[in-house]
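Report on the following structure.
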Amino acid sequence: KTLAKRASRDVLRDLIPHLITVMLDTRLNELQEGPQVVRAINVLTVHILQRSNPTHVMSALIKLLHDCVGSLNASERFTELVMKCLWKMLRMMGNYVDELNVDRILLDLHVFLKTYPSSYWKDRPSDTPIRTVKTVLYTLVKYKGEDITKHLMLIPNRHDSDLVIYLQKLIYMRKDGDQKTGSGAKTSSSSHDNQPEAGIGGSTKKSKNSPMRLSKSTHESLAEIFKKIGSKEHTKEGLMELYEFRQRHPQADIEPF
(Lines of atoms letter the chains of each structure in order from A; the text may use other names.)
(Lines give C-alpha, C1' and ligand atoms only; values in the text may rest on other atoms or scores of the structure.)
Protein backbone atom coordinates (compact mmCIF):
# COMPACT_ATOMS: atom_id res chain seq x y z
CA LYS A 504 0.00 0.00 0.00
CA THR A 505 2.87 2.39 0.84
CA LEU A 506 4.51 1.58 -2.50
CA ALA A 507 1.27 2.29 -4.37
CA LYS A 508 1.02 5.71 -2.71
CA ARG A 509 4.42 6.61 -4.14
CA ALA A 510 3.34 6.08 -7.75
CA SER A 511 3.27 9.41 -9.56
CA ARG A 512 0.58 10.58 -11.93
CA ASP A 513 2.87 9.91 -14.92
CA VAL A 514 3.67 6.37 -13.74
CA LEU A 515 -0.04 5.60 -13.35
CA ARG A 516 -0.70 7.26 -16.70
CA ASP A 517 1.67 4.72 -18.29
CA LEU A 518 0.68 1.70 -16.19
CA ILE A 519 -3.14 1.78 -16.37
CA PRO A 520 -3.38 1.72 -20.20
CA HIS A 521 -1.01 -1.27 -20.29
CA LEU A 522 -3.28 -3.15 -17.88
CA ILE A 523 -6.38 -2.26 -19.89
CA THR A 524 -4.67 -3.26 -23.14
CA VAL A 525 -3.81 -6.70 -21.75
CA MET A 526 -7.39 -7.20 -20.49
CA LEU A 527 -8.70 -6.42 -23.98
CA ASP A 528 -6.18 -8.62 -25.81
CA THR A 529 -8.29 -11.16 -27.72
CA ARG A 530 -5.33 -13.56 -27.85
CA LEU A 531 -6.03 -14.39 -24.22
CA ASN A 532 -9.20 -16.16 -25.42
CA GLU A 533 -6.97 -18.78 -27.02
CA LEU A 534 -5.24 -19.60 -23.75
CA GLN A 535 -6.65 -21.99 -21.17
CA GLU A 536 -5.62 -19.61 -18.41
CA GLY A 537 -6.90 -16.57 -20.32
CA PRO A 538 -9.97 -15.85 -18.13
CA GLN A 539 -7.88 -16.15 -14.95
CA VAL A 540 -5.32 -13.70 -16.36
CA VAL A 541 -8.06 -11.17 -17.14
CA ARG A 542 -9.55 -11.57 -13.65
CA ALA A 543 -6.14 -11.17 -12.00
CA ILE A 544 -5.37 -7.99 -13.94
CA ASN A 545 -8.84 -6.64 -13.19
CA VAL A 546 -8.27 -7.20 -9.45
CA LEU A 547 -4.83 -5.59 -9.70
CA THR A 548 -6.33 -2.55 -11.45
CA VAL A 549 -8.97 -2.14 -8.75
CA HIS A 550 -6.28 -2.35 -6.03
CA ILE A 551 -4.29 0.35 -7.81
CA LEU A 552 -7.35 2.61 -7.87
CA GLN A 553 -8.04 1.95 -4.19
CA ARG A 554 -4.54 2.22 -2.80
CA SER A 555 -2.69 4.81 -4.87
CA ASN A 556 -2.63 8.52 -4.21
CA PRO A 557 -6.18 9.55 -5.20
CA THR A 558 -5.05 12.81 -6.82
CA HIS A 559 -2.52 10.97 -8.96
CA VAL A 560 -5.09 8.34 -9.97
CA MET A 561 -7.83 10.86 -10.84
CA SER A 562 -5.40 13.08 -12.72
CA ALA A 563 -4.00 10.11 -14.67
CA LEU A 564 -7.48 8.87 -15.61
CA ILE A 565 -8.68 12.31 -16.74
CA LYS A 566 -5.54 12.67 -18.86
CA LEU A 567 -6.11 9.17 -20.26
CA LEU A 568 -9.70 10.02 -21.19
CA HIS A 569 -8.46 13.25 -22.77
CA ASP A 570 -6.01 11.26 -24.89
CA CYS A 571 -8.65 8.65 -25.82
CA VAL A 572 -11.01 11.28 -27.20
CA GLY A 573 -8.26 12.79 -29.36
CA SER A 574 -6.83 9.49 -30.58
CA LEU A 575 -7.84 7.55 -33.67
CA ASN A 576 -6.22 4.45 -32.22
CA ALA A 577 -8.15 4.24 -28.93
CA SER A 578 -10.91 1.68 -29.31
CA GLU A 579 -14.39 2.32 -27.99
CA ARG A 580 -13.96 -0.51 -25.50
CA PHE A 581 -10.65 0.92 -24.24
CA THR A 582 -12.27 4.33 -23.67
CA GLU A 583 -15.18 2.68 -21.85
CA LEU A 584 -12.83 0.93 -19.43
CA VAL A 585 -11.03 4.21 -18.70
CA MET A 586 -14.42 5.76 -17.89
CA LYS A 587 -15.33 2.77 -15.71
CA CYS A 588 -12.15 3.39 -13.71
CA LEU A 589 -13.23 7.02 -13.26
CA TRP A 590 -16.71 5.96 -12.13
CA LYS A 591 -15.11 3.58 -9.66
CA MET A 592 -13.12 6.49 -8.24
CA LEU A 593 -16.25 8.63 -8.00
CA ARG A 594 -18.09 5.95 -6.03
CA MET A 595 -15.17 5.85 -3.56
CA MET A 596 -14.71 9.63 -3.28
CA GLY A 597 -16.27 9.80 0.17
CA ASN A 598 -13.30 7.77 1.43
CA TYR A 599 -10.56 10.03 0.07
CA VAL A 600 -12.04 13.48 -0.65
CA ASP A 601 -10.06 15.07 2.19
CA GLU A 602 -6.81 13.82 0.63
CA LEU A 603 -7.68 15.08 -2.84
CA ASN A 604 -5.81 18.00 -4.38
CA VAL A 605 -8.97 19.58 -5.80
CA ASP A 606 -7.05 22.42 -7.48
CA ARG A 607 -5.08 19.90 -9.53
CA ILE A 608 -8.15 17.91 -10.56
CA LEU A 609 -10.07 21.05 -11.56
CA LEU A 610 -7.15 22.10 -13.76
CA ASP A 611 -7.19 18.72 -15.52
CA LEU A 612 -10.95 18.99 -16.06
CA HIS A 613 -10.54 22.57 -17.31
CA VAL A 614 -8.00 21.42 -19.90
CA PHE A 615 -10.36 18.66 -21.04
CA LEU A 616 -13.30 21.06 -21.46
CA LYS A 617 -11.08 23.64 -23.14
CA THR A 618 -9.91 21.08 -25.69
CA TYR A 619 -13.30 19.42 -26.14
CA PRO A 620 -16.04 22.01 -25.45
CA SER A 621 -19.75 21.22 -25.73
CA SER A 622 -19.75 22.22 -29.41
CA TYR A 623 -17.21 19.47 -30.16
CA TRP A 624 -19.70 16.75 -29.21
CA LYS A 625 -22.56 17.75 -31.49
CA ASP A 626 -21.37 15.59 -34.37
CA ARG A 627 -19.80 12.83 -32.30
CA PRO A 628 -21.45 9.39 -32.16
CA SER A 629 -21.16 9.37 -28.35
CA ASP A 630 -20.86 12.13 -25.76
CA THR A 631 -20.28 9.78 -22.84
CA PRO A 632 -16.75 11.14 -22.15
CA ILE A 633 -17.98 14.69 -21.52
CA ARG A 634 -20.89 13.33 -19.48
CA THR A 635 -18.33 11.51 -17.36
CA VAL A 636 -16.24 14.66 -16.91
CA LYS A 637 -19.32 16.65 -15.89
CA THR A 638 -20.21 13.94 -13.38
CA VAL A 639 -16.73 14.27 -11.86
CA LEU A 640 -17.49 17.98 -11.40
CA TYR A 641 -20.93 17.19 -9.99
CA THR A 642 -19.41 14.80 -7.44
CA LEU A 643 -16.79 17.34 -6.38
CA VAL A 644 -19.52 19.94 -5.81
CA LYS A 645 -21.50 17.35 -3.85
CA TYR A 646 -18.65 17.00 -1.36
CA LYS A 647 -17.17 20.50 -1.40
CA GLY A 648 -20.26 22.65 -1.88
CA GLU A 649 -19.58 26.35 -2.49
CA ASP A 650 -16.04 25.87 -1.16
CA ILE A 651 -15.21 24.40 -4.57
CA THR A 652 -14.74 28.00 -5.76
CA LYS A 653 -11.72 28.28 -3.45
CA HIS A 654 -9.90 25.74 -5.61
CA LEU A 655 -9.80 27.63 -8.91
CA MET A 656 -6.39 29.29 -8.45
CA LEU A 657 -4.72 27.14 -11.14
CA ILE A 658 -7.37 27.90 -13.78
CA PRO A 659 -6.14 30.51 -16.29
CA ASN A 660 -8.63 33.07 -17.65
CA ARG A 661 -11.37 31.90 -15.31
CA HIS A 662 -13.92 34.29 -16.82
CA ASP A 663 -13.63 32.34 -20.11
CA SER A 664 -13.59 28.86 -18.58
CA ASP A 665 -16.40 26.43 -19.41
CA LEU A 666 -15.50 24.61 -16.21
CA VAL A 667 -16.15 27.68 -14.06
CA ILE A 668 -19.48 28.33 -15.81
CA TYR A 669 -20.57 24.73 -15.25
CA LEU A 670 -19.48 24.83 -11.59
CA GLN A 671 -21.55 27.97 -11.03
CA LYS A 672 -24.54 26.23 -12.59
CA LEU A 673 -24.07 23.20 -10.32
CA ILE A 674 -23.75 25.37 -7.22
CA TYR A 675 -26.93 27.25 -8.16
CA MET A 676 -28.81 23.98 -8.74
CA ARG A 677 -27.57 22.66 -5.41
CA LYS A 678 -28.66 25.82 -3.58
CA ASP A 679 -32.04 25.74 -5.28
CA GLY A 680 -32.49 22.07 -4.34
CA ASP A 681 -31.50 22.76 -0.71
CA GLN A 682 -33.96 25.67 -0.48
CA LYS A 683 -36.81 23.52 -1.78
CA THR A 684 -35.87 20.70 0.59
CA GLY A 685 -35.61 23.15 3.50
CA SER A 686 -39.01 24.67 2.70
CA GLY A 687 -40.61 21.24 2.62
CA ALA A 688 -38.90 20.21 5.85
CA LYS A 689 -40.06 23.38 7.59
CA THR A 690 -43.68 22.75 6.62
CA SER A 691 -43.63 19.13 7.72
CA SER A 692 -41.73 19.82 10.95
CA SER A 693 -44.46 22.12 12.23
CA SER A 694 -46.68 19.13 12.86
CA HIS A 695 -43.94 17.53 14.99
CA ASP A 696 -43.16 20.48 17.26
CA ASN A 697 -44.71 18.72 20.28
CA GLN A 698 -43.10 15.36 19.62
CA PRO A 699 -40.37 14.05 21.99
CA GLU A 700 -36.80 14.75 20.91
CA ALA A 701 -34.58 11.97 19.72
CA GLY A 702 -32.60 10.12 22.37
CA ILE A 703 -28.88 10.42 23.04
CA GLY A 704 -26.90 9.83 19.84
CA GLY A 705 -29.91 10.44 17.63
CA SER A 706 -31.47 13.44 16.01
CA THR A 707 -34.82 14.20 14.51
CA LYS A 708 -33.18 16.49 11.94
CA LYS A 709 -31.41 15.45 8.81
CA SER A 710 -28.50 17.33 7.39
CA LYS A 711 -29.45 19.17 4.24
CA ASN A 712 -26.64 17.29 2.52
CA SER A 713 -27.82 13.86 3.67
CA PRO A 714 -28.09 11.33 0.84
CA MET A 715 -31.61 10.69 -0.33
CA ARG A 716 -33.06 7.30 0.61
CA LEU A 717 -34.09 5.40 -2.48
CA SER A 718 -37.42 3.71 -3.00
CA LYS A 719 -37.34 0.01 -3.79
CA SER A 720 -38.10 0.58 -7.48
CA THR A 721 -35.46 3.33 -7.78
CA HIS A 722 -32.91 1.14 -5.98
CA GLU A 723 -33.64 -1.69 -8.41
CA SER A 724 -33.28 0.68 -11.38
CA LEU A 725 -29.91 1.86 -10.10
CA ALA A 726 -28.75 -1.71 -9.54
CA GLU A 727 -29.71 -2.50 -13.14
CA ILE A 728 -27.73 0.52 -14.37
CA PHE A 729 -24.57 -0.65 -12.58
CA LYS A 730 -25.16 -4.13 -13.92
CA LYS A 731 -25.02 -2.65 -17.42
CA ILE A 732 -21.86 -0.70 -16.59
CA GLY A 733 -20.25 -3.93 -15.44
CA SER A 734 -21.08 -5.79 -18.65
CA LYS A 735 -18.98 -5.73 -21.79
CA GLU A 736 -21.90 -5.18 -24.14
CA HIS A 737 -23.78 -2.39 -22.34
CA THR A 738 -21.11 -0.28 -20.58
CA LYS A 739 -21.73 2.86 -22.63
CA GLU A 740 -25.49 2.58 -22.26
CA GLY A 741 -25.10 2.12 -18.51
CA LEU A 742 -22.82 5.14 -18.16
CA MET A 743 -25.30 7.34 -20.03
CA GLU A 744 -28.19 6.07 -17.90
CA LEU A 745 -26.20 6.72 -14.72
CA TYR A 746 -25.46 10.28 -15.82
CA GLU A 747 -29.16 10.86 -16.49
CA PHE A 748 -30.05 9.27 -13.13
CA ARG A 749 -27.72 11.70 -11.33
CA GLN A 750 -29.42 14.60 -13.09
CA ARG A 751 -32.86 13.39 -11.93
CA HIS A 752 -31.77 12.41 -8.41
CA PRO A 753 -28.92 14.74 -7.36
CA GLN A 754 -29.21 13.77 -3.66
CA ALA A 755 -29.24 10.02 -4.26
CA ASP A 756 -26.45 8.02 -2.61
CA ILE A 757 -24.79 5.71 -5.13
CA GLU A 758 -21.74 4.81 -3.02
CA PRO A 759 -23.14 1.43 -1.83
CA PHE A 760 -23.12 0.31 -5.46
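Residue numbers (my numbering): 504 to 760. No residue lacks a Cβ here, since even glycine has one placed at the ideal position from N, Cα and C.
With 16 other Cβ atoms within 10 Å as the buried cut-off, status of residue i
| i | result |
| --- | --- |
| lysine 625 | exposed |
| aspartate 611 | buried |
| threonine 618 | exposed |
| lysine 678 | exposed |
| tyrosine 623 | exposed |
Of the listed residues the options, nearest to residue i (C-alpha basis)
| i | options | result |
| --- | --- | --- |
| threonine 582 | Ile732, Glu747, Ile551 | Ile732 |
| valine 605 | Leu616, Met656, Trp590, Ala726 | Met656 |
| threonine 638 | His737, Ile519, Met592 | Met592 |
| histidine 550 | Cys588, Lys730, Val636, Asp601 | Cys588 |
| valine 600 | His559, Arg634, Leu568 | His559 |
| arginine 554 | Val541, Leu643, Lys508, Val614 | Lys508 |
| leucine 564 | Tyr623, Ile728, Arg516 | Arg516 |
| lysine 566 | Asp665, Gln539, Pro520 | Pro520 |
| phenylalanine 729 | Pro538, Arg580, Trp590, Gln539 | Trp590 |
Spatial distance of residue i from residue j (CA atoms)
| i | j | result |
| --- | --- | --- |
| leucine 547 | leucine 742 | 23 Å |
| leucine 609 | threonine 721 | 31 Å |
| arginine 661 | tyrosine 669 | 12 Å |
| serine 511 | lysine 647 | 25 Å |
| aspartate 650 | methionine 676 | 15 Å |
| histidine 613 | alanine 726 | 31 Å |
| alanine 577 | leucine 584 | 11 Å |
| glutamate 723 | arginine 634 | 23 Å |
| methionine 561 | histidine 654 | 16 Å |
| methionine 596 | histidine 752 | 18 Å |
| histidine 542 | proline 557 | First, the residue type needs correcting, since residue 542 is arginine and not histidine in the sequence shown. Roughly 23 Å separates the two Cα atoms. |
Assumed close pair residue i, residue j - CB separation to whole angstroms, cut-off 8 Å
| i | j | result |
| --- | --- | --- |
| valine 525 | isoleucine 544 | 6 Å |
| methionine 586 | threonine 529 | Actually they do not touch by this definition, with Cβ atoms about 21 Å apart. |
Residue i vs residue j beta-carbon contact at 8 Å
| i | j | result |
| --- | --- | --- |
| tyrosine 641 | leucine 603 | no |
| isoleucine 658 | valine 644 | no |
| leucine 531 | valine 540 | yes |
| aspartate 665 | proline 620 | yes |
| arginine 580 | leucine 527 | yes |
Proximity test, residue i beta-carbon vs the ligand MN heavy atom, cut-off 7 Å
| i | result |
| --- | --- |
| glutamine 750 | This structure does not include the ligand MN; it has no bound ligands of any sort. |
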